[in-house]
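The next block holds one structure in the form of structure tokens; read it before the comments.
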Amino acid sequence: MKRLDWYANHDLVELHRRPGIALTFLLAMVIAGCATTTARSQPLTSEPMAAGTTPAAAGVPSAAEPPPAEVVSGDASQAFAAGYKAFNDHDYARAIKDLTLAADHYPGLGDYALFYLAEARAAQADLTGASATLERLRAEYPQSVLTPPGELKLAQIFLKLGRNADALSVATHLVATTSDSSLGQSARFVQAQAERAMGRDQEAYQHAMAIRESYPRSEVDSGARELAYSIRAANPSVSAVPPFTYHRSEAALLLREGLASSAFDEAQQALALAATSSDRAELLWIQAQASKADSDRQKRALLEYLSIAPGGPEASAVLYDLALVFWKEDEPDRARATFGKVIAEFPSSSHASGAMLRIGRIYEEQQDYDAARAEYGRLVERYPGTEAAEDARFRIPWSLYMARQYSRAIASFTAMRKRAEGPGEREMFDYWRARSLERIGDTAGAHEIYARLAQSVESNYYPALAAEHVPAARAELAAASLPELDIEHTPPPSASPTVRFHLSRILALRALGISELQAGEYRALEEAAGEEHSLREFILAGLQASDAWYDAIVAATRMSKSGHLSAAVAERVRYPRAYWALFSRAAGRQSLDPWLVLALARQESLFNPRARSVSDARGLMQLLPSTGDRIAHLVGEESSPNLYDPETNVRLGTAYLKNLFDLFQGDRFKAVAAYNGGEHAVEGWTRRFPGDDDEWVENIGYRETRDYVKKVIGGRREYLLLYPSRDESRAMQSVPASP
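Heads up: take any position in the sequence shown, counting from 1, add 782, and you land on the working numbering.
Quick look at the structure:
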């Protein structure tokens, strides 16, 4: 009996016992039968199979070889499940036994069995066995999603075994073939390590520096930097540039890597060797950028730059940053004058429009609203189409509102609405026109606008504010009436061998109840599906079911833009109840609105638990390591928490958010703003612009934070509209009212 036929018949017995998975598993076996014939090539290493050795003797099962009796009495698919569980339980001896059985006799998940068998052998320090297993994975399953990470693991094991040429060969192949940036970076690092071990210092140094240049702040960046430093210390000739050139380049690179203090020191060494004023100016600019945490040192570097290169290539940026320092130090007149120099001396620079906007904001802070409005008017005329001009269009009528000239503000909001560039901007003008009407006592006119806005589904923030002014019925979203994507849906047969291969593994993993391994197969399935659009909802449902929420959001956005997914389905996928049990439990523990927390996490990371920002914020709620340590200490947990772990991140993130709610007396606008812009910034804006919450948000000094607050508050409304079956009143009550 052929092995596949034996397994099909054997599993039929199991399916009679478990009818709930019969259809799924039968389809898995049929599809697997189309996909298990794979090329069996010799391992691509310097150690070929010994002459006279049969594939079976080498650990490669023969297609004609019958399964042993112990397999007949068991279930090879369950052997994989048991082996995988044993691996996760760190019972490596049991894992090796079960996974060996599955690797030899369960081709439907043979690649998974081989990958975790290699991991188990490596954990037992059997590196030779692990490398042989990974070579088999490469040879038998070249199309597997586990082959690229398996190749990286193989290259790393070869390094440990001293097989440096093989490590270099495998890593070079992976660099040339993978589309995964993270794997490519790690493979390049193995290349550099292997070349160093082979005594090829020049090549190793070039590879390490290429990693630093191409992937600053990546997971392998620090290792590449240490390797480059080690090579140069032992062999200074590898850099092959004069000391000044090296220190200047290193300073710029360290700045890109986020090592501000080291960048400043490296620039200082280069300054001692600089021969021209232009070289000194370039280095002073690096030092100024590296000193943003120390305004005095930053100011000294900026002023020195201007003293030696007032018309230098970075002079407009230097002036702009200097003006920001003056503004931060509460010297508004010096700040305004310096912003004015940017406009006068560099009118065509990218900083000129921003400088005009900042001048207007300074006038607003000084309550000189006429001067502010005049500056905004000049900005709109002089630099149309810029981001600053978009802000200025709003702040022209806003300055009238802040000056309490409400009748003029109404006319100005109405006029500017005609120049709005999208529904969100139009609704912003509508909302503030209604607020102005309210201020002059036209309650009926205001409520008419509020009622219309509250029913809008064009945007979310201003309709959310409007709904607080009128007892309006809930707006209706088409996406809200859609059922959840059906994870049990089975797609139609495919003519593509690649699609069948990945689909077979999805169904096999699903039949075993192993959801966490399915995400990679769904990603590969989307890439392989091409024009097979019948797979799109199956892929999205699968990504969500395997907690690959970020991938589902990105895929839905891509499908929607290409016209292969309805807008309603895309909207529901883009606002998922991701990690709902985790978020709702953590929010309840802190007496927070779970929908607000969910909206905030979506804005922070799009539900990517591995997200890492350029400032080193990590995980679902983007916590800095320093913040994570501080909050862990406050709640009595150990320091250095794993912020990439979803449960840890959400637990500490909600505790931090609760801390901000308490700090700002339950004001959700200020708490959300502080989560993004910092507590001290929020305190400063509150001192300068006291008043109602909606007014306060428009006066936030950082555009990023202002937009962030609007997206989080608006995102909460989107969630409440999409999932109306949830208890909205309970969620509302869990948010303390703003004072």
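Where a beta carbon is used, it is the ideal one built from N, C-alpha and C, also for glycine.
Item                                                                                                                                                                                                    : Value
Does any C-beta atom of chain B lie closer than 8 Å to the C-beta of Tyr1165?                                                                                                                           : Looking at the structure shown, chain B is missing, and only one protein chain is on hand.
Of the choices Gln1051, Arg1014, Leu1037, Ser951, whose alpha-carbon is the least far from that of Phe1026?                                                                                             : Gln1051
Are the segment 1475-1484 and the segment 1434-1442 touching, with three or more C-beta to C-beta distances below 8 Å?                                                                                  : no
Whether or not the segment 1391-1401 and the segment 1362-1381 are in contact is what I'm after, with contact meaning three or more pairs of Cβ atoms, one per stretch, closer than 8 Å; do they touch? : no
By DSSP, does Leu1405 sit in helix, in strand, or in coil?                                                                                                                                              : strand
Leaving out the 5 sequence neighbours to the left and right, which residues in its chain are closer than 6 Å to Ala861 when beta-carbon positions are compared?                                         : Asp880, Leu883, Ala884
Which first and last residues belong to the alpha helix (DSSP H) in which Asp983 is found?                                                                                                              : 983-996
DSSP state of Tyr1505, grouped into three classes?                                                                                                                                                      : coil
Which same chain residues, not among the five before or five after Val1252, have their C-beta less than 8 Å away from its C-beta?                                                                       : His1229, Tyr1232, Ala1233, Ala1236
Measuring alpha carbon to alpha carbon, tell me which of Arg1190, Ala1049, Asn1017 ends up nearest Tyr731.                                                                                              : Outside the displayed range of the chain (783 to 1521) lies residue 731, so it cannot be described from this structure.
For Gly1142, count neighbouring Cβ atoms within 10 angstroms of its own Cβ and tell me buried if that reaches 16, exposed if not.                                                                       : buried
Count the other C-beta atoms from every protein chain shown that fall within 10 angstroms of the C-beta of Gln1069, then say buried if there are 16 or more, exposed otherwise.                         : buried
Taking all protein chains shown into account, decide if Glu1353 is buried (16 or more other Cβ within 10 angstroms of its Cβ) or exposed.                                                               : buried
Within 10 angstroms of the Cβ of Pro924, are there 16 or more other Cβ atoms? Answer buried if so, exposed if not.                                                                                      : exposed
Taking 8 Å as the threshold (C-beta atoms), are Ile993 and Asp1003 in contact?                                                                                                                          : yes
Inspect the beta-carbon positions of Ala1393 and Phe1365 and report whether they are closer than 8 Å.                                                                                                   : no
When we look at the beta-carbon of Ala1072 and count the other beta-carbons within 10 Å, is it buried (16 or more) or exposed?                                                                          : buried
With a Cβ-Cβ cutoff of 8 Å, do Lys935 and Leu956 count as a contact?                                                                                                                                    : no
So, do the segment 1426-1433 and the segment 1445-1454 have three or more beta carbon pairs nearer to each other than 8 Å?                                                                              : no
How about Met1138 and Leu1104: do their beta carbons lie closer than 8 Å?                                                                                                                               : no
In three-state DSSP terms, what is Arg1400?                                                                                                                                                             : strand
Work out the CA separation of Ile1269 and Gly1223 for me, nearest whole Å.                                                                                                                              : 54 Å
Would you kindly check if the distance between the Cβ of Ala904 and the Cβ of Phe939 is under 8 Å?                                                                                                      : Looking at the sequence shown, residue 939 is not Phe but Ile. Their beta carbons are under 8 Å apart, which means Ile939 touches Ala904 by this criterion.
I'd like the list of long-range same chain contacts for Leu1264, defined as Cβ closer than 7 Å, with 5 residues on each side in sequence excluded.                                                      : Ala1350, Val1351, Arg1354
With distances taken Cα to Cα, identify the nearest neighbour of Glu1147 among Tyr1165, Lys1493, Trp1180, Glu1172.                                                                                      : Trp1180
Among all the DSSP beta bridges, which residues are the ones paired with Arg1217?                                                                                                                       : The partner list for Arg1217 (beta bridge, DSSP) is empty, contrary to what the question assumes.
Can you name the start and end residues of the alpha helix (DSSP H) that Ala1293 belongs to?                                                                                                            : 1279-1293
How big is the Cα-Cα spacing for Leu1380 and Tyr1188?                                                                                                                                                   : 37 Å
Going by the DSSP bridge assignment, what does Arg1394 pair with across the sheet?                                                                                                                      : Arg1400
Based on Cα-Cα distance, which residue from Val1239, Ala1323, Lys867, Ala900 lies nearest to Leu1267?                                                                                                   : Ala1323
Hey, Ala895 and Ala912 are a contact pair by Cβ (cut 8 Å); roughly how many whole angstroms apart?                                                                                                      : Not really, about 14 Å apart at Cβ, beyond 8 Å.
Looking at the structure shown, is Gln1385 part of a helix, part of a strand, or coil, going by DSSP?                                                                                                   : helix
Am I right that Trp1377 and Arg1498 are in contact with their C-beta atoms under 8 Å? What's the rounded C-beta distance?                                                                               : 5 Å
Which of the three DSSP states is assigned to Pro1018 in this structure?                                                                                                                                : helix
How should Lys1343 be labelled, buried or exposed, when 16 other C-beta atoms within 10 angstroms of its C-beta is the threshold for buried?                                                            : exposed
Would you call the segment 1449-1464 and the segment 1205-1223 in contact, with 3 or more CB pairs under 8 Å?                                                                                           : no
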